[in-house]
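In UniProt numbering, the protein residues as written are 1 to 557. Just so it is clear, CB atoms sit at the ideal spot from N, CA and C, and this is done for glycine as well. Just so we're clear, the structure is a prediction, and the values are computed from it rather than from any experiment. Below is one structure, written out as structure tokens, with a few remarks after it.
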């Protein structure tokens, strides 16, 4: 309900109380209560852990990390798709106060160099390679000269297989050196506070560089707990997580929602594959399934969809980009997910601030992002004054409460821009709130593009394309796309006397920036549409492309 019926501002329930523990203290209690209960199934690796086994393995890894000379507060990166090693790193780092830095596996050399140096990573755990990506090759290309603070590189191996990598350690050998009964683990755990930084997640910045949102035990442990509460998770639930762990979606809405309720985590694969998801849900009798709308569409439209028994499914979360109403209805009807919920948030708020519950009426679930989560406040603010607008009016969604990040790592100025003096995190998203407190996202801050759940700030791509010697000016916008929600389009002004083709631009991007940031549409123009004061009108570029390509936007919640 609204605080004042005349204002679009609401606070969530104050019960149950916030968890004032660290992640290891909370996880230990669950593991000791149900040591033999299944905690993790990593199907593509053929590995299973009970809660007791996962606790032992994570403590062993924590001991091994201390053995490298890492100390409380040090930053350690994880550059990998979904696997058992990822979740072991999540638990082990929290156990001894190391700050886990999530690195997107789509990052290439320029992005990796920036991210590792920005937060001062001392160690990095990485996949050796995946499909066409050679992660160890990229690290060698950068070398110690470009990564002066990086002292340890650990590659995720299959024990006893493959050649050794000079100057790098195998994960299996590192783990073997640890001792789960190492007395240092509990000594350090006793010094940890719930408000300590425990995780850095990079969010694309309008400045053209990613910003490191710094999150605490209290931030993500509570957010995971209340997400699980909205899904009504119990120890009987088995949650299929095809969404990436390097995002909050996998790490918090997936792993921590399960761990706080004693549920079982199921990873179908290292990266998304719709057929593997369908096979996994059936074989593992999963009761929940997460995904961005693009993933659910790929599963529903798979030619073999009807072969699979998905009758065990009950709940799950659809988030990451606006959910087409028709897709939501198909998920409920054809995938048996009658209790599917919609979540809204951003990395800087741990991430979820609004969520529908399993018993929210379906019409509200398909048309809104639900109500404010417990212990949080949301207001729809007038962008000029910061004051709440009237119910039903559009304004900027702002969040306040336990979930707001500590700040952007090493960037006080950007932190102050995002979090105001009263503690409100300004999301840059446009929204409305009705008289019952249900929130509807109606648009986004002017430029951000969401492609298949990945947030892209065009400025970052523009800054990169400016490096091409033939480019005089460039503007990047999002255009509607049936598969991904949006795709990138670049309008390029070529320098006089220079030649440039679409293929040249794509080649320049290859291996340097993540594949999803490479513009799908490239057009060469003589000028950009501008206002009389010289401001570029991106909406006119977008409209021109929609007209040229015959694109239209799907109706979404």
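Among the candidates the options, whose CA atom is the shortest distance from the CA of residue i?
{"i": "residue 1", "options": "329, 502, 433, 366", "result": "433"}
{"i": "residue 318", "options": "496, 231, 148, 70", "result": "231"}
{"i": "residue 176", "options": "33, 385, 389, 60", "result": "60"}
{"i": "residue 476", "options": "467, 519, 329", "result": "519"}
{"i": "residue 64", "options": "312, 507, 180", "result": "180"}
{"i": "residue 462", "options": "454, 472, 453", "result": "472"}
{"i": "residue 448", "options": "439, 487, 416", "result": "487"}
{"i": "residue 325", "options": "380, 201, 22, 297", "result": "297"}
{"i": "residue 182", "options": "168, 39, 420, 56", "result": "56"}
{"i": "residue 542", "options": "3, 480, 404, 428", "result": "480"}
{"i": "residue 492", "options": "482, 464, 514, 484", "result": "464"}
{"i": "residue 4", "options": "379, 154, 403", "result": "379"}
{"i": "residue 197", "options": "147, 164, 119", "result": "119"}
{"i": "residue 485", "options": "154, 190, 435, 552", "result": "552"}
{"i": "residue 53", "options": "40, 122, 509, 377", "result": "40"}
For my contact list, residue i and residue j are in at a C-beta cut-off of 8 Å; report their separation, rounded to the angstrom.
{"i": "residue 522", "j": "residue 494", "result": "Not confirmed; about 11 Å, so no contact."}
{"i": "residue 370", "j": "residue 360", "result": "6 Å"}
{"i": "residue 626", "j": "residue 314", "result": "This structure cannot speak to residue 626, because the chain is shown only from 1 to 557."}
{"i": "residue 394", "j": "residue 362", "result": "In fact, because the Cβ distance is near 24 Å, the residues do not count as touching under 8 Å."}
{"i": "residue 77", "j": "residue 124", "result": "4 Å"}
{"i": "residue 300", "j": "residue 281", "result": "Wrong, their Cβ atoms sit about 13 Å apart, outside the cutoff."}
{"i": "residue 27", "j": "residue 19", "result": "Rounded, the Cβ-Cβ distance is 11 Å, inconsistent with contact."}
{"i": "residue 398", "j": "residue 427", "result": "7 Å"}
Thinking C-beta only, is residue j closer than 8 Å to residue i?
{"i": "residue 437", "j": "residue 372", "result": "yes"}
{"i": "residue 355", "j": "residue 108", "result": "no"}
{"i": "residue 343", "j": "residue 227", "result": "yes"}
{"i": "residue 292", "j": "residue 452", "result": "yes"}
{"i": "residue 83", "j": "residue 156", "result": "yes"}
{"i": "residue 489", "j": "residue 545", "result": "yes"}
{"i": "residue 261", "j": "residue 22", "result": "no"}
{"i": "residue 456", "j": "residue 364", "result": "no"}
{"i": "residue 102", "j": "residue 14", "result": "no"}
{"i": "residue 58", "j": "residue 91", "result": "yes"}
{"i": "residue 267", "j": "residue 43", "result": "yes"}
{"i": "residue 264", "j": "residue 38", "result": "yes"}
{"i": "residue 132", "j": "residue 79", "result": "no"}
{"i": "residue 290", "j": "residue 253", "result": "yes"}
{"i": "residue 288", "j": "residue 316", "result": "yes"}
{"i": "residue 24", "j": "residue 193", "result": "no"}
Put residue i into one of helix, strand or coil per three-state DSSP.
{"i": "residue 513", "result": "coil"}
{"i": "residue 349", "result": "helix"}
{"i": "residue 207", "result": "At residue 207 the pLDDT is 42, less than 50, meaning the model places this residue with poor confidence and gives no usable figure here."}
{"i": "residue 533", "result": "Bear in mind that a pLDDT of 49 at residue 533, under 50, signals an unreliable position, so the model cannot answer this."}
{"i": "residue 336", "result": "coil"}
{"i": "residue 217", "result": "helix"}
{"i": "residue 27", "result": "helix"}
{"i": "residue 433", "result": "strand"}
{"i": "residue 80", "result": "coil"}
{"i": "residue 410", "result": "coil"}
{"i": "residue 86", "result": "helix"}
{"i": "residue 325", "result": "helix"}
{"i": "residue 485", "result": "strand"}
{"i": "residue 42", "result": "strand"}
{"i": "residue 289", "result": "strand"}
{"i": "residue 123", "result": "strand"}
{"i": "residue 504", "result": "helix"}
{"i": "residue 417", "result": "helix"}
{"i": "residue 184", "result": "helix"}
{"i": "residue 172", "result": "helix"}
{"i": "residue 384", "result": "coil"}
{"i": "residue 543", "result": "helix"}
{"i": "residue 104", "result": "coil"}
{"i": "residue 231", "result": "coil"}
{"i": "residue 480", "result": "strand"}
{"i": "residue 499", "result": "coil"}
{"i": "residue 246", "result": "coil"}
{"i": "residue 241", "result": "coil"}
{"i": "residue 369", "result": "coil"}
{"i": "residue 6", "result": "coil"}
Can you determine whether any heavy atom of the ligand SAH sits closer than 7 Å to the C-beta of residue i, and answer yes or no?
{"i": "residue 502", "result": "The ligand SAH is not part of this structure, which contains no ligands at all."}
Three or more C-beta pairs below 8 Å linking the segment 243 to 261 and the segment 380 to 396: Three or more Cβ pairs closer than 8 Å define a contact, and the segment 243 to 261 falls short of that threshold against the segment 380 to 396.
Could you check whether the segment 399 to 419 touches the segment 205 to 224, counting it as contact only if at least three pairs of C-beta atoms, one from each stretch, sit closer than 8 Å? At 8 Å Cβ cutoff, the stretches touch.
Is it true that the segment 71 to 86 meets the segment 94 to 112, where meeting means three or more beta-carbon pairs spaced less than 8 Å apart? Counting Cβ pairs under 8 Å, three or more are found: they touch.
I'd like to know if the segment 238 to 245 and the segment 273 to 285 are in contact, where contact means that at least 3 CB-CB pairs between them fall below 8 Å. Yes: the two stretches touch, three or more of their Cβ pairs being nearer than 8 Å.
Is the segment 218 to 229 close to the segment 332 to 352, with three or more CB pairs under 8 Å? Yes: at least three Cβ pairs fall under 8 Å.
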